[in-house]
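Presented below is the structure to which this report refers.
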Amino acid sequence: MVSLLHGDVIPELQARGDELFGRIFFTPEGFADPIPLYRMFREEVPVHLSGFGGAILSRYEDCRALLRDPRFGNGDAGPGSGFGDGESEASRYRKEMVERRKGRPTSMLGLDPPDHTRQRSLVSRAFTPRTVDKLRPRIAQIVDECLDDLEASGGGDAMQLLAMPLPVSVISEMLGVPQADWPTIRDQVTDLVGSLEPSASKEELEKAEEAGAVLWQYFTGLLDTRRQDPQDDLFSALIAAADGGDKLSDGEILAVANLLFAAGAETTTNLIGNGLHQLLDHPDQMEALFANPDLVPSMVEEILRYDSPVQLDGRACLEPAEIAGLQFEPGDRVLTLLGAANHDPSKYDRPDEFDISRYHGPDGAEPVMSFGSGIHYCLGANLAKVEGQEVFAGLVRRFGRIDAAGERTYRNRLVLRGLNECPISVGSR
Ligand code: HEM
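Per the working numbering, the sequence shown runs over residues 4 to 432.
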């Protein structure tokens, strides 16, 4: 059980921390705008020992130190498993899910070294800055096709027309998934990642498990096809690497394929959606972007910081460790509030202000915490940024203005934070 290194737990403070965490991750108030609640959390209970037995960190340096510490990792549980400690129907179901997952092939996200290192090094070649930069022209082309649809209709739901199709198309092309299957994969991935939310109901968890099974079956078919008829794609490269050096089992290849969609699709969709939302909410920043398109890379960083597509990360303790004033024992769980770290005033000037020029120029602000830190630092960070940059550069190039054309609401999800819909109209100035 996690304990304080100095002093005793103050029950009122513990109750307050649990209340704030509940409001952030389980209520419409938190889904709509977690920033004020994060501020209270950081100020009142920056290092929180929760009633559920785990710890919650919210300051930038604490989150960073924890995520980089080799005494913390996955252990024998996977992502999202730390939420199954309650007595609700969903918690019980989640515990069963975690049990069922044990012993199955796992992707790098759920592994510790040395297995993590071996798997990541085989896949990482496809995600170096140089490799990703070579994809830029093709990404720009897919963006252009999406913008054609937006232009033809004078606008529409930017989630459906732009934010959702782009990332799935890009990962599908990298892996070699035939175009006809992209929409089906997209829907399954949306269901799959629902299990990452602490607020997921039993029905959502069941849906996620079903989606996982469907995707697994789909990729098994693709594995057979590519083994017989290799192509110039990542799937074939993974098979070749595995067959050559016996480094990845078939199960691991399938787990990696699943992970690339699960980790890369909805997150990047939400980078685009959250970006549009914030620009529409801050007309002065929209104006500044249209006036100076060189701000696009800085704007993408600022979106990642201000309204991160991933708000929560976490680890299990693997060996006794003292960190952030806490004593951890093996098996203890700890959550890191990435969204709160991204607004830490000790790291960012005017942290709750959306300023798209914050990262412009040589003295850019502190890197964002949105991609995590340490050995699990997001493998697709370069790719996500290039996709975001091409989208916003394309929008500015193509249109003279972008306006809101209806209500925008956030989904009832906060680990992966993003909009349901983003109705816009586009036109010339
Ligand atoms: C804005 C978009 C994205 C965000 C905010 C994001 C965020 C993250 C975060 C926070 C982690 C670390 C999880 C942990 O510490 O346990 C992570 C890991 C990962 N991400 Fe991303 N991600 C994004 C896009 C992508 C894309 C486009 C891909 C690839 C197609 C991708 C692939 C991965 C992989 C493979 C890992 C696991 C790395 C490992 O375990 O070593 N991500 N991502």
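Backbone N, C-alpha and C define an ideal beta-carbon position, used for all residues, glycine too. Nothing here was measured: the structure is a model prediction, and the numbers come from that model.
Residue range of the alpha helix (DSSP H) that includes residue i
| i | result |
| --- | --- |
| residue 440 | Residue 440 is absent from the structure shown; the chain starts at 4 and stops at 432. |
| residue 306 | 299 to 309 |
| residue 231 | 205 to 231 |
| residue 149 | 132 to 156 |
| residue 426 | Premise fails: residue 426 lies in the beta strand (DSSP E), 426 to 430, not in any alpha helix (DSSP H). |
| residue 38 | 38 to 47 |
Where the beta strand (DSSP E) containing residue i begins and where it ends
| i | result |
| --- | --- |
| residue 51 | 50 to 52 |
| residue 317 | 315 to 320 |
| residue 30 | No beta strand (DSSP E) holds residue 30; DSSP gives it neither H nor E. |
| residue 330 | 329 to 331 |
| residue 406 | 404 to 407 |
| residue 183 | No beta strand (DSSP E) holds residue 183; DSSP gives it neither H nor E. |
| residue 325 | 324 to 326 |
Cβ neighbour criterion (16 or more within 10 Å) applied to residue i
| i | result |
| --- | --- |
| residue 189 | buried |
| residue 57 | buried |
| residue 129 | buried |
| residue 4 | exposed |
| residue 200 | buried |
| residue 390 | buried |
| residue 106 | exposed |
| residue 413 | buried |
| residue 270 | buried |
| residue 350 | buried |
| residue 195 | buried |
| residue 268 | buried |
| residue 421 | buried |
| residue 364 | exposed |
| residue 168 | buried |
| residue 362 | buried |
| residue 318 | buried |
| residue 255 | buried |
| residue 431 | exposed |
Between the CA atoms of residue j and residue i - distance to the nearest angstrom
| i | j | result |
| --- | --- | --- |
| residue 182 | residue 175 | 8 Å |
| residue 98 | residue 205 | 11 Å |
| residue 402 | residue 34 | 31 Å |
| residue 376 | residue 192 | 24 Å |
| residue 1 | residue 275 | Shown here, the chain extends from 4 to 432; a query on residue 1 therefore has no answer. |
| residue 354 | residue 425 | 25 Å |
| residue 131 | residue 95 | 40 Å |
| residue 3 | residue 356 | A question about residue 3 goes unanswered here, because the residues of the chain that appear run from 4 up to 432. |
| residue 411 | residue 399 | 21 Å |
| residue 316 | residue 382 | 15 Å |
| residue 309 | residue 25 | 21 Å |
| residue 7 | residue 328 | 6 Å |
| residue 67 | residue 266 | 20 Å |
| residue 159 | residue 101 | 40 Å |
| residue 123 | residue 250 | 11 Å |
Check: residue i C-beta below 7 Å from any heavy atom of the ligand HEM
| i | result |
| --- | --- |
| residue 387 | yes |
| residue 34 | no |
| residue 270 | yes |
| residue 320 | no |
| residue 358 | no |
| residue 244 | no |
| residue 313 | yes |
| residue 222 | no |
| residue 263 | yes |
| residue 2 | Beyond the ends of the chain as shown, which are 4 and 432, falls residue 2; an answer cannot be given. |
| residue 174 | yes |
| residue 170 | yes |
| residue 58 | no |
| residue 123 | yes |
| residue 162 | no |
| residue 381 | yes |
| residue 378 | yes |
| residue 279 | no |
| residue 9 | no |
| residue 119 | yes |
| residue 111 | yes |
| residue 211 | no |
| residue 266 | yes |
| residue 70 | yes |
| residue 338 | no |
Close beta carbons around residue i, own chain, < 7 Å, minus the five adjacent residues each side
| i | result |
| --- | --- |
| residue 79 | 105 |
| residue 127 | 382 |
| residue 82 | Any answer about residue 82 is weak, because its pLDDT of 49 lies below 50 and its placement is not dependable; what the coordinates show is given next. The residues are 112, 113 and 199. |
Heavy atom of the ligand NAP within 7 Å of residue i beta-carbon
| i | result |
| --- | --- |
| residue 316 | With respect to small molecules bound, the structure shown includes the ligand HEM and not the ligand NAP. |
Cβ shell of residue i (< 6 Å), same chain only, five flanking positions each side left out
| i | result |
| --- | --- |
| residue 177 | 237 |
| residue 303 | 388, 391 and 392 |
8 Å Cβ cutoff, residue i in contact with chain B
| i | result |
| --- | --- |
| residue 230 | Among the protein chains of the structure shown there is no chain B, as only one such chain exists. |
Residues near residue i by beta carbon distance below 8 Å, same chain, minus five either side
| i | result |
| --- | --- |
| residue 323 | 74, 330, 331, 332 and 333 |
| residue 20 | 44, 47, 48, 51, 52, 53 and 59 |
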